[in-house]
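Per the working numbering, residue 40 is the first one in the sequence shown, and the count goes up by one each step.
Presented below is the structure to which this report refers.
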Amino acid sequence: MFSKDFPNFLNTLSSEPLYVLETSISNSKYVSIDMSQTNELLNRIDISSAVKLGTFINSYIEEYDAKVAYGGYLEVRNIYKRSQHFNKQAQEERNIHLGIDLWCDEGTPIYTPLNAKLHSFKNNTNFGDYGPTIILEHNIKNVVFYTLYGHLSLKSIQGLEIGQIFKQAEQIATLGDETINGNYPPHLHFQIIKDLQGNIGDYPGVCAKNKLEFYSQNCPNPNLLLKL
Numbered sequence: 040m041f042s043k044d045f046p047n048f049l050n051t052l053s054s055e056p057l058y059v060l061e062t063s064i065s066n067s068k069y070v071s072i073d074m075s076q077t078n079e080l081l082n083r084i085d086i087s088s089a090v091k092l093g094t095f096i097n098s099y100i101e102e103y104d105a106k107v108a109y110g111g112y113l114e115v116r117n118i119y120k121r122s123q124h125f126n127k128q129a130q131e132e133r134n135i136h137l138g139i140d141l142w143c144d145e146g147t148p149i150y151t152p153l154n155a156k157l158h159s160f161k162n163n164t165n166f167g168d169y170g171p172t173i174i175l176e177h178n179i180k181n182v183v184f185y186t187l188y189g190h191l192s193l194k195s196i197q198g199l200e201i202g203q204i205f206k207q208a209e210q211i212a213t214l215g216d217e218t219i220n221g222n223y224p225p226h227l228h229f230q231i232i233k234d235l236q237g238n239i240g241d242y243p244g245v246c247a248k249n250k251l252e253f254y255s256q257n258c259p260n261p262n263l264l265l266k267l
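What follows is the structure, encoded as structure tokens:
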């Protein structure tokens, strides 16, 4: 399937929202949050501190009487400046986010939005990285694509088997905390990937501006499934 057709295919998979969190959390309890470099309120806090960033996010959720703060697709962020993982040597700075983040409590159950099999898993332990990560493979109407779930708990990747089958809405994981998830406040990084490019248990979730055209086509907006 050509890349220009892939987003439309994803959008037509369901007329209703597909869930990676509890279905009991209604869409009205999700609030969008701006984590971009242009958010002056965010720029006033020490984003190198997971505790201070978590306080900012939790206060925002409470202010809007929500349970989950979400957003970030193709958002340009300052938060990655704290880690050399995103700024190695002569590479252009990687600061454009390629998934949707769902900020909520540590231990929150995570579900597959579609029938899937386990492609791979890995604990990505670089500072600022995903921590425990699961990648699922989906084959729907002979179209193969992948979904990535980052910042999970350690127990989420224990006892897994490659090729393991998960039914739609089956729990696959729980969220980790800052001690294991790359040093972030608890959240799920959810990303759609058309071509994994040979990656196992990992795939870039942040890109540089000069690679944006490719990555935005290979990793379309996850809200095509979530419909938040």
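Where a beta carbon is used, it is the ideal one built from N, C-alpha and C, also for glycine.
T186 sits buried, since 16 or more C-beta atoms from the chains shown fall within 10 Å of its C-beta. By the criterion of a C-beta distance shorter than 8 angstroms, V59 is surrounded in its chain by L141, I149, Y150, T151, P152, Y188, L227, F229 and L265, once the five residues flanking it on both sides are discounted.
In this chain, G170 is not harboured by any alpha helix (DSSP H); it is covered by the beta strand (DSSP E) spanning G170 to I179. For Q207, there is no enclosing alpha helix (DSSP H), as DSSP marks it with neither H nor E.
Remark: C-beta atoms of I196 and F160 approach each other more closely than 8 angstroms. CA-to-CA, the gap between H158 and A208 works out to about 17 angstroms.
DSSP, read as helix, strand or coil, puts I239 in coil. Secondary structure at Q256: helix, using DSSP grouped into helix, strand and coil. Closest in alpha carbon position to G215, among T147, G240, N178 and P259, is T147. A straight line joining the alpha-carbon of Y223 with that of L92 spans about 8 angstroms. Boundaries of the alpha helix (DSSP H) harbouring T94: A89 to E102, taken from the DSSP string.
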